[in-house]
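Written below as structure tokens is the structure these notes are about.
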């Protein structure tokens, strides 16, 4: 029997054992996937091996009112919030009962609305793209608090967590998210896992600085850098940060240095290009946590039992998931659009005795009516705020009537303007956003394609996007693009994209008003 001198830790024994059980489970999943590589390599996947300590430290401390945007290596976070290996394997093998997407998305691209667990909105496969929608969630949380329509108290105030790999922080859209987070002081945690690799490119090849150094250029974001293999450090740092965020409602980054102990993905084998595998293995968080438990006085036989039980569960779930039902052909056509009760036009187009209204005023009056009726409706975009009220005056007087927290200007960030609607919608709001001219839409198309248009379909209908995107064009007419359920901007080049309802308004003022 191995004996150790007892070591004190501020973390309770139950928490330590729970963390060890989750780490054993994640490790067993990696090993079983690898042992069955001839089968599992058919499915693109990555595992959390090497990242487990910091992921579990986070997952164990998230609460049901929180929001999480995970990325493709975060299976230990998902296990820690209560998901089972079987559920993750259903997604791995693209099975019909995959709880996230019905077999439509890659492994560890979750979406979740489940009682007792954090909400996980749509997650695309494009690395770094989740930063904008998740920051939109935090903006929605803040809006609800400012508007007084929040469902929580100060004691259980929710936060949003955006998980990122350090290499993805070089994406321009991540900087747009950081900018809005510090500008608005949003309750969001950017949870950055840095394993030093960008597939086969090293950090020295691709980054002038680490994410923590980069983030310090965004005034108002507090950054904590930690050893992501030390569970105690991870748990206590995350505990402190989350406590501050719930009370002070401001953005943080946690930058965790971790080793990558498994392949980048199933198709990109570590032995093809890695020359640091021996060094990385010396930083394995699993033996570190095991040693901590022994030093805390926990009997080794208990740890062996936990390891064996976790292995048996994973093996059984693997066999069970292989035998689960595959998607049916007809499932392909489900959830492209969310259902709507609006199927026909009603009312009188030209009521007697009414003066004609110019199109821009029709748009203004329609938004005014929506905002008066729905406290969850707000308007933001380029130059729509109090001073100008839109370059065509299509938002004039709205900020004066509804307040600067409901009608406000954004920076020149078309990607954020469009992509944030995914997060705002997930938080229960109904945003109306405006890109100033159609020529400016192009920087926002990536968010439109990867996040907005696919959210309903790739979450099996759990996260339809409820928003309106307005894009004026030309001198006398402009296009009103409605994303009432899960939609997208059009015309011509964009009109073929699925998941979006497209509307072009020309001279029919009533059309524009009714569409809005």
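Numbering (the working numbering), first residue to last: 1 to 516.
Note that beta-carbon positions come from the ideal geometry of N, C-alpha and C, so glycine has one too.
None of the values given here were measured: they were computed from a predicted structure.
| Check | Outcome |
| --- | --- |
| For residue 43, the nearest candidate out of 470, 452, 50 and 72 (CA to CA) | 72 |
| Residue closest to residue 429, alpha-carbon to alpha-carbon, out of 214, 250, 137 and 436 | 137 |
| Supposed close pair residue 133, residue 422 - CB separation, criterion 8 Å | 4 Å |
| Residue 165 - DSSP class collapsed to helix/strand/coil | strand |
| Through-space distance from residue 412 to residue 446, alpha-carbon basis | 16 Å |
| Where residue 30 sits in the DSSP three-state scheme | helix |
| Residues sharing a beta bridge with residue 225, DSSP | 255 |
| Proximity below 7 Å, CB of residue 321 to CB of residue 89 | yes |
| N-terminal and C-terminal residue of the beta strand (DSSP E) that residue 193 is part of | 188-194 |
| Reduced DSSP category for residue 197 - H, G, I as helix; E, B as strand; rest coil | strand |
| Limits of the unbroken alpha helix (DSSP H) element including residue 290 | 285-295 |
| Per DSSP, the bridge partner or partners of residue 431 | 378 |
| Test item: CB-CB of residue 131 and residue 162 under 7 Å | yes |
| Residue 381 and residue 325 closer than 7 Å at C-beta | no |
| Closest by C-alpha distance to residue 260, when choosing among 355, 271 and 250 | 271 |
| Three-way DSSP call (helix, strand, coil) for residue 334 in this model | coil |
| Cβ shell of residue 171 (< 6 Å), same chain only, five flanking positions each side left out | 128 |
| Three or more C-beta pairs below 8 Å linking the stretch 249-256 and the stretch 178-198 | yes |
| Assigned exposure category for residue 323 - 16 Cβ within 10 Å defines buried | exposed |
| For residue 470, the first and last residue of its enclosing beta strand (DSSP E) | 467-471 |
| Residue from 64, 114 and 302 with nearest C-alpha to residue 13 | 302 |
| Three-state class that DSSP yields for residue 365 in the structure shown | helix |
| Alpha helix (DSSP H) runs wholly inside the stretch 25-76, at least 4 long, in chain order | 37-40 and 52-59 |
| C-alpha distance - residue 174 paired with residue 383, whole-angstrom precision | 23 Å |
| C-beta contact flag for residue 465 and residue 425 at 7 Å | yes |
| Backbone CA spacing between residue 340 and residue 18 [nearest angstrom] | 44 Å |
| Secondary structure of residue 305, DSSP reduced to three states | helix |
| Close Cβ partners of residue 99 (< 6 Å) along its chain, the five nearest in sequence each way excluded | 87 |
| Buried or exposed by the 16-neighbour rule on C-beta atoms within 10 Å, applied to residue 135 | buried |
| For residue 237, three-class secondary structure by DSSP | helix |
| Unbroken stretches of the beta strand (DSSP E), 3 residues or longer, contained in the stretch 383-457 | 407-409 and 430-434 |
| CA-to-CA distance, residue 46 to residue 164, given in whole angstroms | 14 Å |
| Where the alpha helix (DSSP H) containing residue 144 begins and where it ends | 131-147 |
| Counterpart residues of residue 160 in DSSP-defined beta bridges | 67 and 188 |
| Helix, strand or coil at residue 268 according to DSSP, with G and I counted as helix | strand |
| Spatial distance of residue 124 from residue 348 (CA atoms) | 43 Å |
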